[in-house]
Structures are given as C-alpha cells and as structure tokens.
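Undergrad: In the numbering used here, the protein residues as written are 1404 to 1452.
Handing you a structure now.
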Amino acid sequence: MVDLGMVAKLWSAYGVNIIVLIILLLVAWIIGLVMQRSQVKGKEGPKKG
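Below you can see the structure in the form of structure tokens.
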C-alpha cells in the first residue's frame, strides 16, 4: 500500500520546486515579451524618408 506520509513529503519537496520553476519561467517569458515590444516601438519612432 502507498504510504501517504511519504507521498506528502515527496510532493512538498518536488512540488514546491516545480511550482517555483514554473513561476520563474512565466516571469522570464513576460519580461521577454515586454522587451521585444519596447524594441519594436523604439524602431518605429523616427523614420527617414
């Protein structure tokens, strides 16, 4: 039979790490999107012609 205490300990160890990594991934992705949009807006400003 599965020892629920052991499952809880493993989930608390690995689950928290996985959640933290997912949050860091989302933050890095959002920062990347913001940086790309700011670079595109900067290039559109002054036009020669």
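Cβ atoms here follow ideal geometry from the backbone N, Cα and C, with glycine treated the same way.
Just the Cα atoms here: how many angstroms apart are V1405 and L1427?
TA: Taking the sequence shown and counting its residues from 1, one reaches residue 1405 at position 2. Taking the sequence shown and counting its residues from 1, one reaches residue 1427 at position 24. Between V1405 and L1427, the C-alpha separation is close to 32 Å.
Undergrad: Quick check on DSSP: helix, strand or coil for M1404?
TA: As a position in the sequence shown, residue 1404 is number 1, starting the count at 1. If DSSP states are grouped into helix, strand and coil, M1404 belongs with coil.
Undergrad: What does a CB cutoff of less than 7 Å around I1422 pick up in its chain, not counting 5 residues either side in sequence?
TA: Counting from 1 along the sequence shown, the entry for residue 1422 is found at position 19. Same-chain partners within the cutoff: there are none.
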